[in-house]
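Trainee:
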């Protein structure tokens, strides 16, 4: 009987610690939905961006992505976002899809411009930039390294020679 009481108390302590941990994680993750005005932005590619993702300015959360749709005429992705009422976006604001980390998700980064006029509610961000995927970046790096290697070989006159081997000398006449 005594063993059952100890197990019950220990189980209660584990549940209490788990509840405290979940409350702390929820508060520190800043998962609240930002209430504000709606804005849209069109992108050529939004790979990895999901509804509910953060909208940030200088790393500070100022909004939330509320939806993703496809424009049937231009075939561009339309990102619907809600920006806090305290943030007034200039008309020349740029929207960039950024990565949280190499393995993490994506978020929408806003880069405000200097235009004195602000984007109105239900307005549109005109300047957008899609971030290339990791595969595209790696492909570009490999292609750049290959082209640099080829141009270096041609400059040294060693095209087709194995590394570390001197080029063949023409025969003396």
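Numbering (UniProt numbering), first residue to last: 1 to 173.
All residues carry an ideal CB built from backbone N, CA and C; glycine is no exception.
All values derive from a computational prediction rather than experimental measurement.
Given a cut-off of 7 Å, decide if residue 107 and residue 53 are closer than it, judged by their beta-carbon atoms.
Mentor: Yes, the pair counts as a contact, with Cβ atoms nearer than the cut-off.
Trainee: Comparing alpha-carbon positions, which option in 124, 69 and 104 lies nearest residue 93?
Mentor: Out of 124, 69 and 104, 124 has the C-alpha closest to the C-alpha of residue 93.
Trainee: In this structure, how does DSSP classify residue 14 when only helix, strand and coil are distinguished?
Mentor: Correct three-state label for residue 14: helix.
Trainee: Leaving out five residues before and five after residue 109 in sequence, what residues of the same chain have Cβ atoms less than 6 Å from its Cβ?
Mentor: So the list reads 56, 96 and 98, once near-sequence residues are dropped.
Trainee: For residue 145, count the other beta carbons within 10 Å of its own beta carbon; 16 or more makes it buried, fewer makes it exposed. Which is it?
Mentor: That one is exposed.
Trainee: For residue 41, which option in 150, 14 and 76 has the closest C-alpha, if you only look at C-alpha atoms?
Mentor: Closest by alpha carbon: 76.
Trainee: Looking at residue 82: is its Cβ nearer than 7 Å to the Cβ of residue 68?
Mentor: Their beta carbons are not under 7 Å apart, which means residue 82 does not touch residue 68 by this criterion.
Trainee: Per DSSP, what kind of secondary structure is residue 126 in: helix, strand or coil?
Mentor: Looking at residue 126 - three-state DSSP - the assignment turns out to be coil, as it is neither helix nor strand.
Trainee: For residue 64, list the residues DSSP reports as bridge partners.
Mentor: BP columns for residue 64 point to 54 and 82.
Trainee: So, residue 119 versus residue 150, is the Cβ gap smaller than 7 Å?
Mentor: No, Cβ-Cβ distance for residue 119 and residue 150 is not below 7 Å.
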